[in-house]
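Chemist: From first to last, the protein sequence lines are chains A and X. Heads up, the first sequence is in this note's numbering, so the first residue is 1144 and it goes up one at a time. Heads up, the second sequence is in this note's numbering, so the first residue is 109 and it goes up one at a time. Here a beta-carbon is modelled for each residue, glycine too, at the ideal position from N, C-alpha and C.
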Amino acid sequence: MARVAVDVVIKPEILDPQGKAILAALTRTGHPGVSSVRQGKHFDLEVDDSVSDADLEEIAGNLLANPVIESWTVTRLGRDGHHPEAALAAPEAAL
Amino acid sequence: MSPKVGVITFPGTLDDVDAARAVRYSDSEAVPLWHADEDLHGVDAVVVPGGFSYGDYLRAGAIAAQAPVMRAVIDAARAGMPVLGICNGFQILCEAGLLPGALIRNASLRFICRDQWLRVENNTTVWTTRFEPDAEILIPMKNAEGCYVATDAVLDELEGAGRVLFRYVGDGPAQGNPNGALRDIAGICSADGRIAGLMPHPEHAIDPLTGPTDDGLGLFFSLRDWLTNSVTTVGA
Chain A
1144 MARVAVDVVI KPEILDPQGK AILAALTRTG HPGVSSVRQG KHFDLEVDDS
1194 VSDADLEEIA GNLLANPVIE SWTVTRLGRD GHHPEAALAA PEAAL
Chain X
109 MSPKVGVITF PGTLDDVDAA RAVRYSDSEA VPLWHADEDL HGVDAVVVPG
159 GFSYGDYLRA GAIAAQAPVM RAVIDAARAG MPVLGICNGF QILCEAGLLP
209 GALIRNASLR FICRDQWLRV ENNTTVWTTR FEPDAEILIP MKNAEGCYVA
259 TDAVLDELEG AGRVLFRYVG DGPAQGNPNG ALRDIAGICS ADGRIAGLMP
309 HPEHAIDPLT GPTDDGLGLF FSLRDWLTNS VTTVGA
């Protein structure tokens, strides 16, 4: 089993009225420095070793995201749920 | 023999009863189809009605587009069977790849429910021959995710090929385009005009007793004409 994260965001050229409403609320609540908000979706998947990178792209592109309006990234996480690159970076950070 | 028109019910569909009624008003036989059906019971056309489907989780229509009955609808539509998607049904047809583009959250972020004027932009398709050229019709609309979007290239292709079927008419969001749909598009069709989708609800406007007009009947009678003629052609 491995964990996979799929992040889906609305393409830059597509109107995101929810993001705009959130931005307006942030401006009202004292965060005028925030200039843009785009709302997206995050999926955590648990997959076994039979699921290839190509399978994950198909899962993301055919169902989790609508390619007409959204783009996505697929990130394989370590077995304990940590990003493998983050795990590699950790000893360096300890120095 | 009356043409048989399938009307699909998904978990959450609201408008299957009105869609079936509209089919019967146009002297066709309404055949109920269930989301789990794997075949279409020999129907000549299919209406994918509105409401919701599977809670509209993920995106409106996204889960329904993967339902067993939709696999059968996709195969039949690609073979030339007429299919009409209304509201959630339009969203499902876009999610299933039968129509281009997508429906996103209304620009106002509000659910909008009102009677809406539309112009029939192409009266030569399976679904629109009963309308006069540039006819303006008044039918209800009710949606939160009715804003039609597509790339400029797709929009140009739709307009160039007469595939914009219905456009919102009227001034400003109060009367005209209610949701920010690009180029005021309310409904589109496939290149052969057989697969059509629109956000407003013709099935709610078939009798002045229960709707603003009976303008919506035009779609259902157009289908009936086409099915009757195509059956005659096949028989001859």
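(1) Taking 7 Å as the CB-CB limit, is P1160 of chain A close to chain X?
(2) Would you tell me roughly how many angstroms separate the C-alpha atoms of I200 of chain X and G278 of chain X, rounded to the nearest one?
(3) Relative to chain A, which residues along the region 165 to 195 of chain X have a C-beta separation below 8 Å, given in chain order?
(4) Classify D1159 of chain A as buried or exposed, calling it buried when 16 or more other Cβ atoms lie within 10 Å of its own Cβ.
(5) Do three or more CB pairs link the region 223 to 232 of chain X to the region 267 to 287 of chain X at distances below 8 Å?
(6) What are the uninterrupted segments assigned as alpha helix (DSSP H) that are 4 or more residues long and contained completely in the region 169 to 226 of chain X, given in chain order?
(7) To which residues of the same chain is F1186 of chain A closer than 6 Å at the C-beta, ignoring the five residues directly before and after it?
(8) Beta-carbon of L217 of chain X versus every beta-carbon of chain A: anything under 7 Å?
(9) Does the CB of V1211 of chain A have a neighbour CB from chain X at under 7 Å?
(10) Closer than 8 Å is the cut-off here; do at least three beta carbon pairs connect the region 111 to 131 of chain X with the region 1169 to 1189 of chain A?
(11) Should L317 of chain X be labelled buried (16 or more other beta-carbon atoms within 10 Å of its own) or exposed?
(12) Determine, for I1157 of chain A, whether the minimum Cβ-Cβ distance to residues of chain X falls below 7 Å.
(13) Considering only the alpha carbon of each residue, which of X:S110, X:H312, X:T236 lies closest to E137 of chain X?
(14) Would the region 184 to 200 of chain X and the region 292 to 312 of chain X be scored as touching if the rule is three or more Cβ pairs under 8 Å?
(15) Just to make sure I have the definition right: I need the residues of chain X whose C-beta is within less than 8 Å of the C-beta of L1206 of chain A. Which are they?
(16) How about V125 of chain X: is its C-beta nearer than 7 Å to some C-beta of chain A?
(17) Can you confirm whether the region 207 to 222 of chain X touches the region 1211 to 1219 of chain A when touching is taken to mean that 3 or more C-beta pairs between the two stretches lie within less than 8 Å?
(18) At a CB-CB cut-off below 8 Å, which residues of chain A make contact with E203 of chain X?
(19) Mind checking A184 of chain X: buried by the 16 CB within 10 Å criterion, or exposed?
(20) Taking its Cβ as the centre, do 16 or more other Cβ atoms sit within 10 Å of S1193 of chain A, making it buried, or is it exposed?
(21) Measuring only the C-alpha atoms, how far is C255 of chain X from D147 of chain X?
(22) Spell out whether any CB of chain X is found under 7 Å from the CB atom of A1164 of chain A.
(23) Is the beta carbon of Y162 of chain X sitting closer than 7 Å to the one on A172 of chain X?
(24) Does H149 of chain X pass the burial test, meaning 16 or more other C-beta atoms within 10 Å, or should it be called exposed?
(25) Throw me the rounded Cβ distance for the L1220 of chain A and V1147 of chain A pair, which I believe falls under 8 Å.
(26) What first and last residue would you give for the alpha helix (DSSP H) that runs through D264 of chain X?
(27) Going by DSSP, name the residue or residues bridged to F328 of chain X.
(28) With V125 of chain X and V154 of chain X assumed to form a contact (beta carbons below 8 Å), what rounded beta-carbon distance in angstroms separates them?
Modeler: With the structure as the only source:
(1) Contacts with chain X at 7 Å (Cβ-Cβ) include P1160 of chain A.
(2) When rounded, the distance between both Cα atoms is 27 Å.
(3) Flagged, chain order: L166, R167, A170, Q174.
(4) By the 10 Å Cβ count, D1159 of chain A comes out buried.
(5) Judged by Cβ distances under 8 Å, the region 223 to 232 of chain X makes contact with the region 267 to 287 of chain X, as three or more pairs qualify.
(6) Qualifying alpha helix (DSSP H) stretches, in chain order: 176 to 186, 196 to 203.
(7) Excluding sequence neighbours, F1186 of chain A sits near V1149, L1207.
(8) Judged by the 7 Å Cβ criterion, L217 of chain X is in contact with chain A.
(9) It does; some Cβ of chain X falls within 7 Å.
(10) Cβ pair count under 8 Å is below three, so no.
(11) So L317 of chain X counts as exposed.
(12) For I1157 of chain A, the closest Cβ of chain X is nearer than 7 Å.
(13) Out of X:S110, X:H312, X:T236, X:S110 has the C-alpha closest to the C-alpha of E137 of chain X.
(14) Judged by pairs of C-beta atoms under 8 Å, the region 184 to 200 of chain X touches the region 292 to 312 of chain X, as three or more such pairs exist.
(15) Within 8 Å Cβ-Cβ: L166, A170, Q174.
(16) Cβ-Cβ to chain A under 7 Å: no for V125 of chain X.
(17) In short, these stretches touch, since the Cβ pair count reaches three.
(18) By Cβ distance, chain A contributes N1209.
(19) Classification for A184 of chain X: buried.
(20) It is exposed - the Cβ of S1193 of chain A has fewer than 16 other Cβ atoms within 10 Å.
(21) Between the alpha carbons of C255 of chain X and D147 of chain X lies a gap of roughly 32 Å.
(22) Closer than 7 Å to some Cβ of chain X, the Cβ of A1164 of chain A qualifies, so yes.
(23) For Y162 of chain X and A172 of chain X, yes; Cβs fall inside 7 Å.
(24) It is exposed - the Cβ of H149 of chain X has fewer than 16 other Cβ atoms within 10 Å.
(25) Correct: roughly 6 Å between the Cβ atoms.
(26) 260 to 268 is the span of the alpha helix (DSSP H), which, as asked, contains D264 of chain X.
(27) Beta bridge pairing from DSSP links F328 of chain X with no other residue.
(28) In fact, because the Cβ distance is near 16 Å, the residues do not count as touching under 8 Å.
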